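Novice: Okay, handing you the structure first.
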Amino acid sequence: MPAPPSYPAKPTQVYFFATCLVDTVYPEAGLAAIRLLQREGLEVIFPKAQSCCGQPAYNAGFPREARAVARRQLRAFPRDLPIIVPSGSCGGMLRHHYPYLFAGLPEWEAAQRFAARVFEWGEFMRHVLQVRLEDRGPPLRVAWHSSCHALREMRIVEDSKALVRQLAQVELVELAREEECCGFGGTFAVKQPAISAAMVGDKVTDIQGTGAGRLVTGDCGCLMNIGGALAHRGLAVQGQHLAEFIWERTHG
Amino acid sequence: MGERPAFDFRGNILRALADGQLRRNLQSAMDGLIRKRRAVFDDPAELEALRTVGQSLKQAALSRLPALLEELEANCTANGIQVHWAETAAEANRLVLAICQGERATRVVKGKSMVTEEIGLNHFLADHGVEVLETDLGEFIIQLAGEPPSHIIVPAVHKNRDQIARLFHARIPGAPYTEKVEELNAIARRTLRQKFFEGQVGVSGVNFAVARTGSLCLVENEGNGRMCTTVPPVHIALMGLEKVVARLEDLPPLLRLLTGSATGQIVTTYVNLISGPRRPGEKDGPRELHLILLDNGRSRILADPELRQTLQCIRCGTCLNHCPVYVRIGGHAYGFVYPGPIGEVLTPQLEGLARAGVLATASSLCQACGEVCPVRIPLPDLIRRMRTDGACQGPGGPEDGCRPPLWESLAWKIWALVNTHPGLNALGNALLGRFGRRLPRRGPLAAWSAVRTPPRFAPKSLHALAVKEGLPHE
Amino acid sequence: MNEPARTMILSRLRAAVRGVLPVAPPEWNPPALPGGEARIERLQRLLEAVRTEVHRVPRTAWVESLKPILRQRGVRRLLYAPGTPLGRSLEAGWDDGAGDLPRRIPFERPMEDCKAMVFEVDAAVTSTAGAVADVGSLVLRPDAREPRSMSLVPPLHIAVLDSAAVFDSLGAIMRAQKWAAAMPANLVLVSGPSRTADIEMTLAFGVHGPKALVVLILVD
Ligand code: SF4
Chain A
54 MPAPPSYPAK
64 PTQVYFFATC
74 LVDTVYPEAG
84 LAAIRLLQRE
94 GLEVIFPKAQ
104 SCCGQPAYNA
114 GFPREARAVA
124 RRQLRAFPRD
134 LPIIVPSGSC
144 GGMLRHHYPY
154 LFAGLPEWEA
164 AQRFAARVFE
174 WGEFMRHVLQ
184 VRLEDRGPPL
194 RVAWHSSCHA
204 LREMRIVEDS
214 KALVRQLAQV
224 ELVELAREEE
234 CCGFGGTFAV
244 KQPAISAAMV
254 GDKVTDIQGT
264 GAGRLVTGDC
274 GCLMNIGGAL
284 AHRGLAVQGQ
294 HLAEFIWERT
304 HG
Chain B
5 MGERPAFDFR
15 GNILRALADG
25 QLRRNLQSAM
35 DGLIRKRRAV
45 FDDPAELEAL
55 RTVGQSLKQA
65 ALSRLPALLE
75 ELEANCTANG
85 IQVHWAETAA
95 EANRLVLAIC
105 QGERATRVVK
115 GKSMVTEEIG
125 LNHFLADHGV
135 EVLETDLGEF
145 IIQLAGEPPS
155 HIIVPAVHKN
165 RDQIARLFHA
175 RIPGAPYTEK
185 VEELNAIARR
195 TLRQKFFEGQ
205 VGVSGVNFAV
215 ARTGSLCLVE
225 NEGNGRMCTT
235 VPPVHIALMG
245 LEKVVARLED
255 LPPLLRLLTG
265 SATGQIVTTY
275 VNLISGPRRP
285 GEKDGPRELH
295 LILLDNGRSR
305 ILADPELRQT
315 LQCIRCGTCL
325 NHCPVYVRIG
335 GHAYGFVYPG
345 PIGEVLTPQL
355 EGLARAGVLA
365 TASSLCQACG
375 EVCPVRIPLP
385 DLIRRMRTDG
395 ACQGPGGPED
405 GCRPPLWESL
415 AWKIWALVNT
425 HPGLNALGNA
435 LLGRFGRRLP
445 RRGPLAAWSA
455 VRTPPRFAPK
465 SLHALAVKEG
475 LPHE
Chain C
4 MNEPARTMIL
14 SRLRAAVRGV
24 LPVAPPEWNP
34 PALPGGEARI
44 ERLQRLLEAV
54 RTEVHRVPRT
64 AWVESLKPIL
74 RQRGVRRLLY
84 APGTPLGRSL
94 EAGWDDGAGD
104 LPRRIPFERP
114 MEDCKAMVFE
124 VDAAVTSTAG
134 AVADVGSLVL
144 RPDAREPRSM
154 SLVPPLHIAV
164 LDSAAVFDSL
174 GAIMRAQKWA
184 AAMPANLVLV
194 SGPSRTADIE
204 MTLAFGVHGP
214 KALVVLILVD
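Chains as they are written, first to last, in this note's numbering: chain A, 54 to 305; chain B, 5 to 478; chain C, 4 to 223.
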């Protein structure tokens, strides 16, 4: 595992890498993340040619297809600006796996440079922008879900939680098995549906046990999985992306 | 390895998931093992340093494997150990049988050893009239039940005490029904003492073999390993050839890692260092000691720079304990000897992708295993590699037995096409926004929707919204 | 020996590692321990944590200290190794006529000729080659005079340890005693009585090896 990143001084411009799930299923989370960056005075650039980080194919065992898509991303963010990603999982792909994906290929150096520019959104908000959040919402109990890659690859879970803890009216509760996977795992949910269902079922029970009214996470894969299971069980707990949650609490 | 029934992973998984008792037994056992491991490795910085040492020691040994094995052979031979080489499981089995037959032995006592499970030794010997008795308590329990181990360290972990109580009562002549753990242990002790007394050949595995001194290191808690290697007149030790290390000084860190990871102990009750059979003048110990070095696919694994890391494994089992999939389906579901993350990586390499490649699907790549492996095997990367090899996209080109499912290959080709052409991507997003919520719940979406509401595709993608918001784009 | 298998395996292995740069094995030094008395205390604490009875006894009077332990446990047959320093002092300090003392049983013949006896005695007393404080292990080096089954088969094992032979770590005792120069056929680290947790992860002592371990630490 590479050393933790060194954080740059606050820039004036950043790139935003939406990720495919934010793009198609949770655009409001992406907008919230962008607005919060803008609120800190940054100009946020949204490259049109961006699509997916390539992780789904990469993890499924299709590196050729993953590489084709990844190559596209390498070209879509040409300038030497930080690339902000509202996902620990996609962030991990871009930062840690791109160099492996292109090992021994001509793009390797570009992948290395690209990787060094990648920051997870909450990580960037905390360490580079050093944001101070002012909570304007009513009291609320919130359960936090750590995505596995945010936890073990990007290691930025403490950053996300630190942002939530800045919200004065929000009570952050821990899940009994906070570090256990929710069972999403990209194609895992489809290839091993029964195991995945058992995992997300346990996660939902764990969340239910906390009495939290909201489930917040920094990854839309987990959100789609857990949120979908919460809704399917008819529970009132709402799942939300961290950025959208913070935007909601601190805006207006 | 003899015929086995066809491997039905799906069926196994569904059966295991439906077994609530199994789930409870596993969950409490794994929670306990995780807690104990954490308690013994209480200084994270020290643990990380130790893991790095463990990784380097095993990599150092693997990088000189042929030389070390020759050194081991020479020094073992000088110590009076008879060294044999086996290319395959079948060859190893025949070697053991030949030694037993040479002794006219029909009763073998065996210590816990995964490599003997790997080669199916018990069945083979039984088929040739040699009775093998498992003497590790956990192995003894599952042998009585006629089951394979479900965990590489705690083989009977799937059974609880009343299941064991019923088993003992039914299968051990004269055993009363009791659910008291102490009494169950006492029954096993009585039964097995007699067998040690009568055993003609003792069989064991090897945790580490020291090339420089020609020594075999075996760790255990029960004393059955010592019994098997001390009391019978002949001792046969089997090891996968990746178990060799260079020097005695390599043992202390590796032992720490092994016992701490496996059972959360700082040291096991017994650490045996065996460097030969009974010497002249000694009053006990086996008269003959045989060491069988087993390849069974390992030399092939060594040839691949990435897969080679599989051979660093010291069989501690902690990747199983930390695996959210293992804890839900248990070891038997994996269908082969090595379950859990290491099984997902090792089994396809030993048994071939065609038979066992499917095991690699049983991971969400959550990386819990890679985070704890004492010798830093990048298990998630290797699981991904198994998938890649299975899809015929391995670095060395298509592998034996790889067969990408047609629909999936096609799906990824289309996915790549869409995600490399902004126009197509925009069209795709628009279509999803428009019709995505009305997709028929078939195939993957059916599986998804069984326990979740389907994804709610947004009417406008972020791409579209960004334009609307007037964000600068390049 | 099956020469073809050996040749084939080795040649495949050589081909597999061709071009692989040999990795130099790293050194590892476990965290240092405070010396002297603290070291013995740690050993004692770790042994007691795994249900071992530890007594510190005067070097010259260990036999006297042993007697009440045996009486209290009702030991009737005690296996020992004649011809060893321990064996000699045991013989010298034993009053064979005293009815409440166990009978001394010397391990004199090969196992084959006295297997039943070894499986029937109540206890055995052995020496140790030293101990490892950081993990709490005794080091036993059975030999021609003190067979290995003494510390394994009888239900009670009494181990006599010289307080001067307690080392910080396994690595330290290996180096100090130059193990690599001459390994005995059998060397074993012992940390407590035999145990298992194979049933519901419930720890239970006394499986196949001794049910109890008593350590006498000889002090001056
Ligand atoms: S792969 Fe690592 S964690 Fe798993 S059994 Fe082997 S050494 Fe232990």
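For every residue, glycine included, the Cβ atom is placed at its ideal position computed from N, Cα and C. This one's a predicted model, so the numbers in the text were calculated from it and none came from an experiment.
Comparing C-alpha positions only, which one of C/R79, C/W31, C/V53 and C/A179 sits nearest to B/L51?
Specialist: Checking every option, the nearest Cα to that of B/L51 belongs to C/W31.
Novice: Compute every distance between the C-beta of B/V248 and the non-hydrogen atoms of ligand 1, then say whether any falls below 6 Å.
Specialist: Result no, Cβ not under 6 Å from ligand 1.
Novice: Note the first and the last residue of the continuous alpha helix (DSSP H) segment covering A/S213.
Specialist: Residues V210 to R218.
Novice: If you reduce the DSSP assignment to three classes, tell me which class B/I393 lands in.
Specialist: Ile is not the amino acid found at residue 393 of chain B; the sequence shown has Asp there. If DSSP states are grouped into helix, strand and coil, B/D393 belongs with the helices.
Novice: Go ahead and pull the three-state DSSP assignment for B/M5.
Specialist: Note that B/M5 scores 40 on pLDDT, short of 50, meaning its location in the model is unreliable; the coordinates nonetheless yield the value given after this. Coil at B/M5, not helix or strand.
Novice: Could you please give the first and the last residue of the uninterrupted beta strand (DSSP E) stretch that includes B/C221?
Specialist: S219 to E224 is the extent of the beta strand (DSSP E) around B/C221.
Novice: Spatial neighbours of B/I157 within its chain, please: C-beta separation below 6 Å, excluding the five flanking residues on both sides.
Specialist: Excluding residues within five positions, the ones whose Cβ falls inside 6 Å are A266 and G321.
Novice: Hey, is C/G212's beta-carbon within less than 7 Å of any beta-carbon in chain B?
Specialist: Chain B contact via Cβ: present.
Novice: What is the DSSP secondary structure of B/F201, reduced to helix, strand or coil?
Specialist: Residue state, collapsed to three classes: helix.
Novice: Output the distance between the C-alpha atoms of C/W182 and B/P384, rounded to the nearest integer angstrom.
Specialist: C-alpha separation (whole angstroms): 39 Å.
Novice: Let me make sure I understand the geometry here. Which of B/H467, B/A65 and B/W411 has the alpha-carbon closest to that of B/P448?
Specialist: Ranking the options by Cα distance to B/P448, first place goes to B/W411.
Novice: Could you list the residues in the segment 347 to 363 of chain B with a C-beta less than 8 Å from some C-beta on chain A, going in chain order?
Specialist: Taking 8 Å as the Cβ-Cβ cut-off against chain A, none of the residues of the segment 347 to 363 of chain B qualify.
Novice: In whole angstroms, what is the alpha-carbon distance linking B/R441 and B/T424?
Specialist: One C-alpha to the other measures close to 24 Å.
Novice: Pull up the distance between the alpha-carbon of C/P145 and that of B/F144, whole angstroms please.
Specialist: Using only the alpha carbons, I get a separation of about 28 Å.
Novice: Which residues in the same chain as B/G344 place their Cβ atom closer than 6 Å to its Cβ, once the five residues preceding and following it in sequence are excluded?
Specialist: Excluding sequence neighbours, B/G344 sits near C323, L324, C327 and Y330.
Novice: Measuring CA to CA, which of B/Q371, B/S32, B/G347 and B/L37 is closest to B/E122?
Specialist: For B/E122, the nearest C-alpha among the options comes from B/G347.
Novice: What does DSSP give as the partner residues of A/I98 in its beta bridges?
Specialist: BP columns for A/I98 point to A/Y68.
Novice: Helix, strand or coil for A/M54 per DSSP?
Specialist: Residue placement at A/M54 cannot be trusted, given a pLDDT of 47 that sits under 50; what the coordinates show is reported in the next sentence. In this structure, A/M54 counts as coil in the three-state DSSP scheme.
Novice: On the premise that C/W97 lies in contact with C/R112, defined as a C-beta separation below 8 Å, what is that separation, rounded to the nearest angstrom?
Specialist: So it is not a contact: roughly 20 Å between Cβ atoms.
Novice: Distance cutoff 7 Å, beta carbons only. Does B/W483 sit that close to anything in chain A?
Specialist: As displayed, chain B neither begins before 5 nor continues past 478, which places residue 483 of chain B out of reach and without an answer.
Novice: Rounded to whole angstroms, what is the Cα-Cα separation between A/T240 and A/R230?
Specialist: Those two C-alpha atoms are separated by around 23 Å.
Novice: Against B/T139, what residues of chain C qualify as contacts under a CB-to-CB distance less than 8 Å, listed in chain order?
Specialist: Here the neighbours are H211.
Novice: Hey, would you say A/H202 sits closer than 7 Å to A/G145, going by beta carbons?
Specialist: Contact: yes.
Novice: Do B/A364 and B/I387 come within 7 Å of each other at the CB atom, strictly closer than that value?
Specialist: Result yes, Cβ atoms of B/I387 and B/A364 sit closer than 7 Å.
Novice: For a cutoff of 7 Å on Cβ pairs, would you count C/E149 as touching chain B?
Specialist: It does not; no Cβ of chain B falls within 7 Å.
Novice: Do B/V379 and ligand 1 come close, with the Cβ less than 6 Å from some heavy atom?
Specialist: B/V379: yes, Cβ under 6 Å from ligand 1.
Novice: Using the C-alpha atoms, what's the distance from A/P135 back to B/G6?
Specialist: Here the model assigns B/G6 a pLDDT of 41, short of 50, so the residue's position is not dependable, and the following value carries that caveat. If I take the Cα positions, the gap works out to 58 Å.
Novice: Closest Cβ-Cβ distance between B/N423 and chain C: below 7 Å?
Specialist: False, the Cβ-Cβ gap to chain C never drops below 7 Å.
Novice: By the criterion of Cβ-Cβ separation under 7 Å, what are the contact partners of B/K247 in chain C?
Specialist: Correct list: empty, because the minimum Cβ distance to chain C is about 14 Å.
Novice: So the alpha helix (DSSP H) A/Y151 belongs to, where does it begin and stop?
Specialist: Unbroken alpha helix (DSSP H) run through A/Y151: Y151 to L154.
Novice: In this structure, how does DSSP classify B/T314 when only helix, strand and coil are distinguished?
Specialist: Of the three classes helix, strand and coil, the one that applies to B/T314 here is helix, per DSSP.
Novice: Can you list the alpha helix (DSSP H) stretches of 4 or more residues lying completely in the segment 96 to 123 of chain B, in chain order?
Specialist: For the segment 96 to 123 of chain B, whole alpha helix (DSSP H) runs of length 4 or above, ordered along the chain, are 118 to 122.
Novice: Going along the chain, which residues of the segment 239 to 271 of chain B sit with their C-beta nearer than 8 Å to a C-beta in chain C?
Specialist: So the list reads L245, A250, R251, L252, E253, D254, L255, P256, P257, L259, R260, T267, I270 and V271, given in the order they occur along the chain.
Novice: When you compare each of B/P152, B/Q269, B/I418 and B/I103 to B/Y342 by their alpha carbons, which one comes out closest?
Specialist: Nearest C-alpha to B/Y342: B/P152.
Novice: Indicate whether at least one CB of chain A lies closer than 7 Å to the CB of B/G6.
Specialist: Reliability fails at B/G6, whose pLDDT of 41 lies under 50, so the model's placement of it is uncertain and the value that follows must be treated cautiously. Chain A, which has no Cβ nearer than 7 Å to the Cβ of B/G6, makes this no.
Novice: Could you give the residue range of the beta strand (DSSP E) that holds B/Q86?
Specialist: It spans Q86 to A90 - the beta strand (DSSP E) in which B/Q86 sits, taken as one unbroken run.
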